[in-house]
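Numbering (my numbering), first residue to last: 3 to 327. Glycine included, every Cβ here is placed at the ideal spot set by N, Cα and C. Since this is a predicted model, take the numbers as computed values, not measurements. Here's the structure we're looking at; comments come further down.
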Amino acid sequence: MAGSGTAHLRGTDEILRVQDLTVTYPSGRRTVHAVSGVSFDVAKGETLGIVGESGCGKSSAARAVMQLPRPASGSVRLTGLELTDLRGEALRRTRQRLQMIFQDPISSLNPRRRVRDIVAEGPRVWGSLNGDASRIDEALEAVGLDPATSAGRRPHEFSGGQCQRISIARALALEPEVIICDEPVSALDVSVQAQILNLLEDLKARYGLTLVFIAHDLAVIKNVSDRVLVMYLGKTCELAAGADLVERPAHPYTRALLASVPRGPLRLTPDEETGTGEPPSPAAPPSGCRFRTRCPRADARCASEEPLMRPIGPGHWVACHHPTE
């Protein structure tokens, strides 16, 4: 199945490179392509945001980078190491370098274990703790939790925001190079969201982390990302620096996402509003451009020819036959 191309891959200073990633799931007698030929790269110390509405494949892509599940096809390289070729112990060794923070901060933590044991589990498995509790205390302090009052408690004794801090500490304890944040604030109150976002920014600067930040809300992702990749129905639509994407959205779907942000910077024209509606099923996506059934600019070419990513400005790429330029 064709993707949206790979011309937008930079090929320099990348710590993570994903190329032609395809993720499938069985659905009765059908095979659902949750991710279809998605490509992106992330430079060391960069935050790449991946945004799209629910069901667009962004979380499936993030988990496939972790090889959970393994992609049906495509390449995932971590500093040149091809993860899709690894099995068993060889793949396990990469877990220290590549960690994930999950969407639900409460269900992702073992309710029977104390915080100290949750955060220490990874280093203990890897034999890197060596009885030194200071590393666990440092991880808890880094996320704003007092080890003296929090390490002996269990997850149910904390709020959702505090549980997410514990999840972040668990990832930090392994001293990873890349952290994938799978909608880490979507289950939290708005006031707590800002605290977690600021915390991630501080940790990125302090530890030189590289982040892949997944979200369905452009208002959230534009403030924490160096670059933003927009996905729709398993495909890439647009890629640009965060500020550039907000100021000059080119793809009709990106424009619709921005227009959905309350008090946001963009309002759709009457013609553009006619293109809104429910997305098609990923089990039976449209031919050509997958957004064409909701797009007011769609024509015969959009039905027959899938658009590939092409540049429309410095670092700004779009997969659309009729973008706003």
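Within this structure, are the beta carbons of residue i and residue j separated by less than 8 Å?
| i | j | result |
| --- | --- | --- |
| residue 295 | residue 288 | yes |
| residue 82 | residue 223 | no |
| residue 21 | residue 41 | yes |
| residue 249 | residue 226 | no |
| residue 101 | residue 186 | no |
| residue 146 | residue 116 | no |
| residue 17 | residue 180 | yes |
| residue 55 | residue 212 | no |
| residue 169 | residue 104 | yes |
| residue 43 | residue 72 | no |
| residue 154 | residue 118 | yes |
| residue 236 | residue 36 | yes |
Between which two residues does the alpha helix (DSSP H) carrying residue i extend?
| i | result |
| --- | --- |
| residue 237 | No alpha helix (DSSP H) contains residue 237, which is instead part of the beta strand (DSSP E) from 237-243. |
| residue 123 | 117-128 |
| residue 257 | 254-261 |
| residue 52 | Careful: residue 52 lies outside any alpha helix (DSSP H), inside the beta strand (DSSP E) at 49-53. |
| residue 65 | 60-67 |
| residue 152 | 149-152 |
Ends of the beta strand (DSSP E) at residue i?
| i | result |
| --- | --- |
| residue 299 | From DSSP, residue 299 is part of no beta strand (DSSP E); its letter is neither H nor E. |
| residue 75 | 75-80 |
| residue 90 | Run containing residue 90: none in the beta strand (DSSP E); it sits in the alpha helix (DSSP H), 90-94. |
| residue 313 | 312-315 |
| residue 100 | 100-103 |
| residue 85 | No beta strand (DSSP E) holds residue 85; DSSP gives it neither H nor E. |
| residue 142 | Run containing residue 142: none in the beta strand (DSSP E); it sits in the alpha helix (DSSP H), 136-144. |
| residue 318 | 318-320 |
| residue 231 | 229-234 |
Rounded to the nearest angstrom, how far is the Cβ of residue i from that of residue j, given a contact under 8 Å?
| i | j | result |
| --- | --- | --- |
| residue 53 | residue 218 | 7 Å |
| residue 297 | residue 252 | At roughly 13 Å, the Cβ-Cβ gap does not stay under 8 Å, so residue 297 and residue 252 are not in contact. |
| residue 184 | residue 64 | 5 Å |
| residue 221 | residue 107 | Rounded, the Cβ-Cβ distance is 20 Å, inconsistent with contact. |
| residue 175 | residue 125 | 5 Å |
| residue 171 | residue 121 | 5 Å |
| residue 23 | residue 76 | 4 Å |
| residue 315 | residue 304 | That belief does not hold up - the Cβ atoms of residue 315 and residue 304 are roughly 22 Å apart, past 8 Å. |
| residue 182 | residue 67 | 6 Å |
| residue 163 | residue 216 | At roughly 18 Å, the Cβ-Cβ gap does not stay under 8 Å, so residue 163 and residue 216 are not in contact. |
| residue 242 | residue 257 | With a Cβ gap of about 13 Å, residue 242 and residue 257 do not count as contacting. |
| residue 299 | residue 318 | Contact doesn't hold; Cβ gap of about 18 Å is too wide. |
Under a Cβ-count criterion, where at least 16 other Cβ atoms within 10 Å of its own Cβ denotes burial, should residue i be classed as buried or exposed?
| i | result |
| --- | --- |
| residue 192 | exposed |
| residue 209 | exposed |
| residue 158 | exposed |
| residue 345 | No answer is possible for residue 345: it lies beyond the span of the chain, which begins at 3 and ends at 327. |
| residue 80 | buried |
| residue 15 | exposed |
| residue 60 | buried |
| residue 280 | exposed |
| residue 308 | buried |
| residue 6 | buried |
| residue 173 | buried |
| residue 129 | exposed |
| residue 152 | buried |
| residue 25 | buried |
| residue 240 | buried |
| residue 264 | exposed |
| residue 292 | buried |
| residue 127 | exposed |
| residue 205 | buried |
Comparing the C-beta of residue i with each C-beta of chain B, is any distance below 8 Å?
| i | result |
| --- | --- |
| residue 215 | Going by chain labels, chain B is absent from the structure shown, which holds only one protein chain. |
Worksheet item: Which whole runs of the alpha helix (DSSP H) in the region 163-225 are 4 residues long or more, in chain order?
Response: 192-209 and 220-223
Fill in: Complete beta strand (DSSP E) runs within the region 3-47 (minimum length 3 residues, chain order)
16-29 and 32-45
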